[in-house]
Amino acid sequence: MPSPQTLFDKIWDQHVILRRDGGEVLLHIDRNLVHEGSFHAFGALAKEGRKVRMPRQTFAVADHYVPTLGRERGVDGAEDADARHMIRLLEENSRVNGIAHFGIDDARQGIVHVIGPELGITQPGLTVTCGDSHTSTHGALGAFAFGTGASQLKQILATQCLWMKRPKTLRVIVNGTLSAGVTGKDVVLAIIAKIGTAGATGHVIEYAGAVIRSLSIEGRLTVCNMSIEAGARAGMVAPDDAVYQYLHGREYAPKGADWDRALTQWRALPTDDGARFDREVTLDGTQLEPMLTWGTSPEEALPVSACVPDPQTLGDANQRAHAAQALAYMDLKPGTALTDIRIDRAFIGSCTNGRIEDLRAAAAVLKGRKAAIPAWVSPGSTALKLQAEAEGLDRIFKDAGVEWRASGCSSCAAMNGDTVPAGLRCASTSNRNFEGRQGKGARTHLMSPAMAAAAIVTGRITDVRKLVS
Amino acid sequence: MKPFTTLTAVAAPFDMANIDTDRIIPVRFLRKLRNDKAGYDPYLFHDMRFDGAGKEKPDFVLNQPAWRQAGILVAGANFGCGSSREGAVYALLDYGIRAVIAPSFGDIHYANELQNGMLPAILPEEICRGLREQLQAEPGATLAIDLPAQTVTDTIGEAHPFMIDPVYKERLLKGLDDIGLVLERLPAIESFENRYHADKPWLA
Ligand code: SF4
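Line by line, the protein sequences are chains R and U. Number 469 marks the last residue of the first sequence (the working numbering); no jumps. Number 673 marks the last residue of the second sequence (the working numbering); no jumps.
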């Protein structure tokens, strides 16, 4: 009997081309994704006179710099000349290198971490890379997916492999069952609050336990997306029938006899009983409430029933110093009930929570209600936008007074003028509440789509469970 | 890549943990081209360094005369967490910083520093704090980094051993090029790919 292996061990071993002294391996990369921000890597590649070695393994999509308004005007709809240039540059780099390109007008356009799974580019057992930290998202389908910087991206483009040291493994087990109104976003915020933003540095997380198994594919994608916010190299969930059903028939998923063959291989991937992880953390999902962040780090998150903490009561000196600064930036006082915090803006979208289930959850809260504050929705992909429109979700948002926009990174990273003005407070379904992330001086509270929708209705942080029963 | 062996430079104490890459370079500058004429140095720590009118904030460490020429940063834990943007490294390098000393780093940023011939030196939390205290007490003082010996020598001449993986150390010392190291092994790579894709033809 071979010794029991984790999901990660299996994928890693299958992709090792060779080993060097010192424990470094050359890893084969199955799928590489690029976006407008990848221009540094393409530029450096061209400067060195190198070519993309396996262009069929790279997929390009315009997401970071595409505007969410004026999309009927194509690239010209981008107000900023630099942004237009970057969108065109990606198209040009893709053409020159023979890479599949989903441009601003393509029906397959969307946020890179939404369309990877949506088009079946992401599959169980694959190594997936992208010059973006939230590449961890794709691990929800049972892939080893991780972000790189421009230099490593250049290496992948030039060689289709990457030198790497084996990361450690951390299993995060979430037991029990979630109560109504508690979502994947709340689960991952609770995990980060528990282990900290550096809690998984150097590790690949495998999420396991009854709660994770019960999550939809969308919910798992949300959880894996924010792995990087706990410092992890990647996050993953063992593939199961839900994943196979999700993938079946998608454009780049295997077909016919290949599908059957793939399925056999995928079914062998989940972690074996008795496999060893370097670390393990357990949470009780039954205890979880809707969560939100009060500070400027994703670990500064609390249940909605809590109050703004007194920095002096927090863990270590670093956390105390960070929290004091965060409260000043967020203009909050210790002891304030989170539900007493006024909200000025809301953003529903991003690679964390811009999927169909997220849009449905927000629409369910907004149905028949009116927005008390300016808010907009940007679906995670153009295909999802159409799907949501077919389901009538756009009408619900518009009737509530919420803007229905096109797909892109938008307000998640203050792109294309989708910024939150300085001093204003935004309920956001994205993944980072860093100072200035949504605009200079903008104050971000991260939460689930349902919670953001509740804030839209009341203009303050609201326990969505009290609004809808 | 430029090899890294030793560096003696003014070191700036950056007394803050979890410095994310959005702070090191705000997203709006990532669209900027970087070439011989235009570096990324003006964007480094932009919103901490400059006020809304573009004027320097006098309190910020790199705006103080003693540390304007800093070549080393001594920071808190989890330096460079967050976004994978390599622009953060370009901004540090173009400003003139070639080494960051911290108790820990964000994984992607750590790799990005190495890829650009920068040294991310890991020293225990207490040592980093001690170094920052020395540098505060003696603004403009230098630290000496010796990569072959894996030490940081502080302002009173005490050498502190830092951690770095031997593989990364060799890369930095020799200024090795990752792509070159790969392409030397092309036959092994191709035979792997043939075998691998025979088993998974839909991926080829
Ligand atoms: S939505 Fe936000 S986190 Fe996701 S890829 Fe875009 S900018 Fe990055």
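A virtual CB, placed ideally from N, CA and C, is assigned to each residue, including glycine. Quick caveat: nothing in here was measured; it's all calculated off a predicted structure.
Any non-hydrogen atom of the ligand SF4 within 6 Å of residue i CB
| i | result |
| --- | --- |
| C409 of chain R | yes |
| A478 of chain R | In this structure chain R extends from 1 to 469, so residue 478 of chain R is not present and cannot be described. |
| D101 of chain R | Here residue 101 of chain R turns out to be His, not Asp, going by the sequence shown. Answer for H101 of chain R: no, Cβ out of range of the ligand SF4. |
| I591 of chain U | no |
| S227 of chain R | no |
| C351 of chain R | yes |
| I111 of chain R | yes |
| H28 of chain R | no |
| H629 of chain U | no |
| H578 of chain U | no |
| A134 of chain R | Just to set this straight, residue 134 of chain R is His in the shown sequence, not Ala. H134 of chain R Cβ: within cutoff of the ligand SF4. |
Next on the checklist: By the 9 Å beta-carbon criterion, what residues does the stretch 237-271 of chain R contribute toward chain U?
Outcome noted: Y252, A253, P254, K255, D258, W259, R261, A262 and Q265
Item to check | 3-residue-minimum beta strand (DSSP E) runs that sit fully inside the stretch 525-597 of chain U, ordered along the chain | outcome: 541-543, 568-571 and 588-591
Checklist entry - Of all the residues that make up the stretch 541-566 of chain U, which are near chain R by a beta-carbon distance shorter than 9 Å? => result G545, A546, N547, C550, G551, S552, S553, R554, E555, G556, A557, V558 and Y559
Checklist entry - Could you give the uninterrupted runs of the beta strand (DSSP E) lying entirely in the stretch 15-87 of chain R, keeping only those of 3 residues or more? => result 16-19, 24-28, 31-34 and 58-61
Checklist entry - Which whole runs of the beta strand (DSSP E) in the stretch 347-391 of chain R are 3 residues long or more, in chain order? => result 375-377
Item to check | Near-chain U residues of the stretch 12-37 of chain R (beta-carbon distance less than 9 Å), N- to C-terminal order | outcome: Q14, H15, V16, I17, L18, R20, D21, G22, G23, E24, L26, H28, D30, R31, E36 and G37
Next on the checklist: Check whether the stretch 202-220 of chain R and the stretch 234-246 of chain R touch, using three or more Cβ-Cβ pairs below 8 Å as the test.
Outcome noted: yes
Item to check | contact_flag[the stretch 548-558 of chain U, the stretch 482-493 of chain U] where n(CB pairs < 8 Å) is 3 or more | outcome: yes
Item to check | Against chain R: residues of the stretch 602-622 of chain U by CB proximity under 7 Å | outcome: none
Item to check | Residues within the stretch 519-533 of chain U neighbouring chain R, beta-carbon criterion of under 7 Å | outcome: none
Next on the checklist: Pairs of beta-carbons, one from the stretch 529-542 of chain U and one from the stretch 474-486 of chain U, closer than 8 Å: are there three or more?
Outcome noted: yes
Next on the checklist: Suppose only complete runs of 3+ residues qualify. What are the beta strand (DSSP E) ranges in the stretch 157-216 of chain R, listed by chain order?
Outcome noted: 161-165, 168-175 and 203-208
Next on the checklist: Residues of the stretch 77-100 of chain R in Cβ contact with chain U at a cutoff of 9 Å, in chain order, please.
Outcome noted: D80, D82, A83, H85 and M86
Checklist entry - Counting Cβ pairs, one atom from each stretch, are 3 or more of them under 8 Å apart for the stretch 107-127 of chain R and the stretch 388-395 of chain R? => result no
Checklist entry - Between the stretch 134-165 of chain R and chain U, which residues of the former have CB atoms less than 7 Å from a CB of the latter, in chain order? => result G147, T148, G149, A150, S151, Q152, Q155, A158, T159, C161, W163 and K165
Checklist entry - Using Cβ-Cβ distances below 7 Å, what residues of the stretch 285-298 of chain R are close to chain U? => result S297
Checklist entry - Of the residues that make up the stretch 401-425 of chain R, which ones have a beta carbon closer than 7 Å to any beta carbon in chain U? => result A413 and A414
Checklist entry - Of all the residues that make up the stretch 569-589 of chain U, which are near chain R by a beta-carbon distance shorter than 7 Å? => result S573, G575, D576, I577, A580, N581, Q584 and N585
Checklist entry - What residues in the stretch 633-660 of chain U have a beta carbon less than 8 Å from any beta carbon of chain R? => result D634, P635, V636, E639, D647, I648, L650, V651, L652, R654, A657 and I658
Checklist entry - Using a Cβ cut-off of 7 Å, which residues of the stretch 173-201 of chain R contact any Cβ in chain U, in chain order? => result T197, A198 and T201
Item to check | Cβ contact check for the stretch 62-78 of chain R and the stretch 33-41 of chain R: 3 or more pairs under 8 Å | outcome: yes
Next on the checklist: So, does the stretch 401-414 of chain R touch the stretch 371-378 of chain R, judging by three or more C-beta pairs under 8 Å?
Outcome noted: yes
Checklist entry - Residues in the stretch 475-500 of chain U with C-beta within 9 Å of chain R's C-beta atoms, listed in sequence order? => result D484, M485, A486, N487, D489, T490, D491, R492, P495, V496, R497, L499 and R500
Checklist entry - Which runs of the alpha helix (DSSP H) fall wholly inside the stretch 471-497 of chain U and span at least 4 residues, in chain order? => result 490-493
Item to check | Residues, ordered as in the chain, of the stretch 432-464 of chain R that lie near chain U by beta-carbon distance below 9 Å | outcome: R432, F434, E435, G436, R437, K440 and G441
Next on the checklist: For the pair the stretch 449-458 of chain R and the stretch 575-588 of chain U, tell me if three or more CB-CB distances fall below 8 Å.
Outcome noted: no
Next on the checklist: Taking contact to mean 3 or more Cβ pairs, one atom from each stretch, closer than 8 Å, check whether the stretch 70-82 of chain R and the stretch 91-106 of chain R are in contact.
Outcome noted: yes
Next on the checklist: Would you call the stretch 216-230 of chain R in contact with the stretch 139-153 of chain R, where contact means no fewer than 3 C-beta pairs closer than 8 Å?
Outcome noted: yes
Checklist entry - Given 8 Å as the limit, is there contact between the stretch 40-47 of chain R and the stretch 361-375 of chain R, that is, 3 or more CB pairs closer than that? => result no
Item to check | Three CB pairs or more closer than 8 Å across the stretch 634-650 of chain U and the stretch 14-26 of chain R | outcome: yes
Checklist entry - Are three or more beta carbon pairs between the stretch 145-152 of chain R and the stretch 115-134 of chain R nearer than 8 Å? => result yes
Item to check | Three CB pairs or more closer than 8 Å across the stretch 441-449 of chain R and the stretch 351-359 of chain R | outcome: yes
Item to check | Three-pair Cβ contact test at 8 Å for the stretch 413-428 of chain R versus the stretch 164-178 of chain R | outcome: no
Item to check | Cβ pair count under 8 Å reaching 3, the stretch 492-508 of chain U against the stretch 320-328 of chain R | outcome: no
Item to check | Interface residues of the stretch 98-122 of chain R facing chain U [CB-CB below 9 Å] | outcome: none
Checklist entry - Between the stretch 596-611 of chain U and the stretch 567-577 of chain U, are three or more C-beta pairs nearer than 8 Å? => result yes
Next on the checklist: Between the stretch 186-196 of chain R and the stretch 289-309 of chain R, can you find at least three pairs of beta-carbon atoms closer than 8 Å?
Outcome noted: yes
Checklist entry - If you scan the stretch 624-657 of chain U from start to end, which runs of the alpha helix (DSSP H) of 4 or more residues do you find wholly inside it? => result 635-643 and 647-652
Item to check | Contacting positions in the stretch 216-231 of chain R - beta carbon closer than 7 Å to chain U | outcome: G231
Item to check | Uninterrupted alpha helix (DSSP H) stretches inside the stretch 95-134 of chain R (no shorter than 4 residues) | outcome: 112-118
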